[in-house]
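Notes to accompany the following structure.
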Amino acid sequence: MQRYIIRRLIQGGIILFVLSVVVFLLLRIAPGGDPAAFRCGFTCTDDKIAAIRKEMGLDNPYFPVSVDLTDPPFVSFNGESQYWRWVRELFNGSLGRDWNGAPVADELQNRLPVTVELLIITLLVTIAVGVPFGIVSAVYRNSPADYGARFGAILGLAVPNFWVATLVILIPIQYWDYAPPLTKTIAFFDSPWDNLRQFVPPAIVLAAVSAAGVMRLTRSSMLEVMRQDYIRTARSKGLRERIVVIRHALKNSMIPVVTIIGLQVAALLGGAVIVESVFNLQGVGIYFLGALVRKDYQVVQTLTVYIGAVVVLLNLGVDILYAWLDPRIRYS
Amino acid sequence: MSAIDAGDVAVAGLAPRTSRWIMAGRLARDNPLALFGLLVVIVLAVCAVFAPLIAPYGPLDFGAGTKNLDPTWKHPFGTEDLGRDMFSRVVFGARISLIVGFSSVIFGTVVGTGLGIFSGYSGGTIDSIIQRTVDTAIAFPALLILLILRQVMGPSVETLIVAVGIAIIFPVTRIIRGAVLSEKNNQYVEAARALGASTPRILFFHIAPNVAALAIIIATTLLGTAILAEAALAFLGLGIPEGTDFSMLFFLSFVGLDTPSWLGFLEGPAVTWGKDVSAARNSFPVHIWWAFFPGLAITLTVLGFNLLGDGLRDILDPRLRGRL
């Protein structure tokens, strides 16, 4: 198991390295958008741009090693390079500055708590709704409850979340003159009630889709497990149905569900762009979108690697959890 | 039990083959939801193709009605803040949704399936290189690809199709590769190789048909996702700008042709459902109907394709139930 984890971590490191090189190059090769010009703003002069380029290190060559096939000895080493500078910044945590000139590290420090709180509430709602409905749906198969839950899930997967989010804001305004606090993000410890008023509606919107997925998966995997021999054994030795379902079936049927929840955590940690923008939550997603639209090198490449790392680690976490949930699974 | 069943039994007694129509009827009876999905898709396709004939007003006609009307008989979906008829706009919106959905899914699944078959059949180093590339590509932000494409190709239908299509390629590659891995150890592949079939021949004539059902199922399931993605991008202001000239036969321009004049009704200004929902957010005073109907149209479309996909999966490959 240990060797397996180490191997996966090395593989993940390679993926992240390739990802970082690709995003680094793509940002610079693609046309349009000079981050120095963006930071410079409207009152810009050539001198100012030159100063900003120098500060951001954009005058340096891209990579520590340059290859030129026309000029022997073909390979030359550069003292300072943009890529090397960025990698250093990634590891020491000073992440440079974004298009506003604000330190990226500070921005992330302010925005990650917003994203994480949204993630936690969304996940709670997802599990609290998806898993019980999935179990009921499977245990009382083809009952009205099952049809209702399945219909709800089909609907949940089809509804666009930006539409639900829009309606969740507009309907209370029109009919009850109520709106959640939308102007600025309120920290939980400053005012728990206002904070929840702000975070619960977007979390429910996000959870609508993920709960639908979790419910469907719980149901199908529960049905699969309930067909197994050991369930028949448990029943035939006279256990009550409730014990059979909860003690024997539930744990094993959670294995595929863990994967989908893991994937959702990964997706949400990268920020929920749409919901954040509709509810005006200053999370990571909206920051990433802003950076993408402005082709801000520093923020886009840093967040790409961050999201990639989250995906790699969560996938590994899910596989380890598999082995814990189902001891028959062995990795080598 | 209907008369058809009795007929079936009688026919089955005489001849082993059941007519295709009776088969179709039986499938429809067993999958009422899939039938509903099919119905939704057909209605949408008709709306998209014959939009100018169905919509009572042009999608950009400012004078269609008074501003911000609630639904009435004259304007069944109401009007928006410039007095344009929402029913007409929703009908026209079906065009972008369907064209982008279908084209991107066809592009993405064809490339993804090809890559998956190649990767799975090759095995060894080629397979690991492709799979690590897929790993990296899945971790890559799809929005960045879209934004770069927009800068290179401009914010057009083609840009959107390519961007959504690229995002589809990699997950499809992975699923198809898995299927090929289990397929290639079957004896029919060995038999083909023993008979001296070349590798391309085995790939195209022996393995491809066997993963085709899976590819079709994935494609149908992805249609809903692709349509949602288009709508979300339009909502974020990254879709096709409103009013851009747009022909449903846009692909003809790739081979240097124009839309023939007798098909002129397939051309028109681009209107997207996602953008209307987004615009309605800033309506003042709040006008919910403006956001309501385009969003409902998206929901019904995605629902239709999802139900159709589920039905198709049950018919073509019941083993996949609950896994896709």
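Sequence order for the protein chains is A and B. The numbering of the first sequence is the working numbering, which starts it at 2 and goes up by one. The numbering of the second sequence is the working numbering, which starts it at 8 and goes up by one. Think of the CB as a built atom: it goes at the ideal place given N, C-alpha and C, for glycine as much as any other residue.
Problem - Nearest residue (CA-CA) to I152 (chain B), options A:A310, A:G318, A:V301, A:N101 - result: A:V301
Problem - Amino acids of chain A, ordered along the chain, whose beta-carbon sits closer than 8 Å to that of T306 (chain B) - result: L156, A159, V160, P161, W164
Exercise for the section: Return the chain-ordered list of same chain residues with a C-beta closer than 6 Å to the C-beta of A267 (chain A), the five sequence neighbours on each side being excluded. Expected result: V311, V312, L315
Exercise for the section: Return helix, strand or coil for G318 (chain A), following the three-state DSSP convention. Expected result: helix
Problem - Neighbour list for L20 (chain A) in chain B, Cβ cutoff strictly below 7 Å - result: T143, A146, F147
Handout entry: Interface partners of V274 (chain A) on chain B, CB under 9 Å
Key = L150, A239, L243
Handout entry: alpha helix (DSSP H) runs contained entirely in the stretch 144 to 220 of chain B, provided each spans 4 or more residues
Key = 149 to 160, 164 to 190, 194 to 201
Exercise for the section: Compare the C-beta of L312 (chain A) with all C-beta atoms of chain B and state if any pair is closer than 8 Å. Expected result: Note on residue identity: the sequence assigns Val, not Leu, to residue 312 (chain A). Output row for V312 (chain A): interface = yes.
Exercise for the section: Measure how close the beta-carbons of L17 (chain A) and V306 (chain A) come, nearest whole angstrom, since I'm counting them as under 8 Å. Expected result: Going by Cβ atoms, the distance from L17 (chain A) to V306 (chain A) rounds to 6 Å, so yes, they are a contact pair.
Problem - For P203 (chain A), three-class secondary structure by DSSP - result: If DSSP states are grouped into helix, strand and coil, P203 (chain A) belongs with the helices.
Practice task
Using 10 angstroms around the beta-carbon of L221 (chain B), count the other beta-carbons present and answer buried if the total reaches 16, otherwise exposed.
Solution key: buried
Practice task
Go to S94 (chain B), then tell me how far its alpha helix (DSSP H) extends in each direction, as first and last residue.
Solution key: In the sequence as displayed, the identity of residue 94 (chain B) is Phe instead of Ser. 93 to 129 is the span of the alpha helix (DSSP H), which, as asked, contains F94 (chain B).
Handout entry: Start-to-end residues for the beta strand (DSSP E) that takes in G13 (chain A)
Key = Per DSSP, G13 (chain A) belongs to no beta strand (DSSP E); it is in the alpha helix (DSSP H), 3 to 30.
Practice task
Determine the chain A residues that contact V309 (chain B) at a beta-carbon separation under 7 Å, and present them in chain order.
Solution key: A159
Handout entry: Of the listed residues A:S67, A:A154, A:P65, A:C41, nearest to K55 (chain A) (C-alpha basis)
Key = A:C41
Problem - Own chain, CB closer than 8 Å to N313 (chain B), minus 5 neighbours either side, in chain order - result: The answer, listed in chain order, is G44, T228, G231.
Problem - Collapsed DSSP secondary structure at P181 (chain A) in the structure displayed - result: coil
Handout entry: Separation of S126 (chain B) from Q194 (chain B), as counted between CA atoms
Key = The straight-line gap from Cα to Cα measures roughly 20 Å.
Handout entry: Buried/exposed call for W28 (chain B), threshold 16 Cβ in 10 Å
Key = exposed
Problem - Residues bridged to E274 (chain B) (per DSSP) - result: E274 (chain B) pairs with B:S254.
Exercise for the section: Tell me where the alpha helix (DSSP H) around S237 (chain A) begins and ends. Expected result: 230 to 237
Exercise for the section: Count the other C-beta atoms from every protein chain shown that fall within 10 angstroms of the C-beta of Y141 (chain A), then say buried if there are 16 or more, exposed otherwise. Expected result: exposed
Practice task
Can you grab the Cα-Cα spacing for the pair E108 (chain A) / L91 (chain A), in whole Å?
Solution key: 15 Å
Handout entry: Alpha carbon of S254 (chain B) to alpha carbon of F242 (chain B), nearest angstrom
Key = Rounded to the nearest angstrom, the gap between the Cα atoms of S254 (chain B) and F242 (chain B) is 22 Å.
Exercise for the section: Report the rounded CA-to-CA distance for V18 (chain B) versus R33 (chain B), giving the unit in angstroms. Expected result: Any reading at V18 (chain B) is ruled out, since the residue's pLDDT is 46, under 50, leaving its predicted position unreliable.
Handout entry: Amino acids of chain B, ordered along the chain, whose beta-carbon sits closer than 7 Å to that of G309 (chain A)
Key = A146
Practice task
Please name the residue in A:V294, A:T44, A:L156 whose C-alpha comes closest to that of P240 (chain B).
Solution key: In the sequence under discussion, the amino acid at residue 240 (chain B) is Leu, which differs from the Pro named in the question. Closest by alpha carbon: A:V294.
Problem - chain C residues whose Cβ lies nearer than 9 Å to that of G302 (chain B) - result: Among the protein chains in the structure shown, which are A and B, there is no chain C.
Practice task
Take E118 (chain A) as the anchor and find which of A:I50, A:D35, A:N93, A:Q199 has the nearest alpha-carbon.
Solution key: A:Q199
Problem - Terminal residues of the beta strand (DSSP E) in which V76 (chain A) lies - result: 76 to 78
Exercise for the section: Measure from the C-beta of I174 (chain A) to each C-beta in chain B and report whether the shortest distance is under 8 Å. Expected result: At a cut-off of 8 Å between C-beta atoms, I174 (chain A) counts as an interface residue with respect to chain B.
Practice task
Please classify Y231 (chain A): is it buried, with 16 or more other beta-carbons within 10 angstroms of its beta-carbon, or exposed?
Solution key: exposed
Practice task
Using a Cβ-Cβ cut-off of less than 7 Å, give me the residues of the stretch 140 to 154 of chain A that come near chain B, in sequence order.
Solution key: none
Exercise for the section: Check each candidate in A:T116, A:T219, A:D178, A:N196 and name the one with the smallest Cα separation from S138 (chain A). Expected result: Comparing Cα positions, the closest option is A:T219.
Exercise for the section: Could you tell me which residues DSSP pairs with R98 (chain A) in its beta bridges? Expected result: A:P104
Practice task
Could you check the C-alpha separation between G157 (chain A) and Q265 (chain A) for me, to the nearest Å?
Solution key: 15 Å
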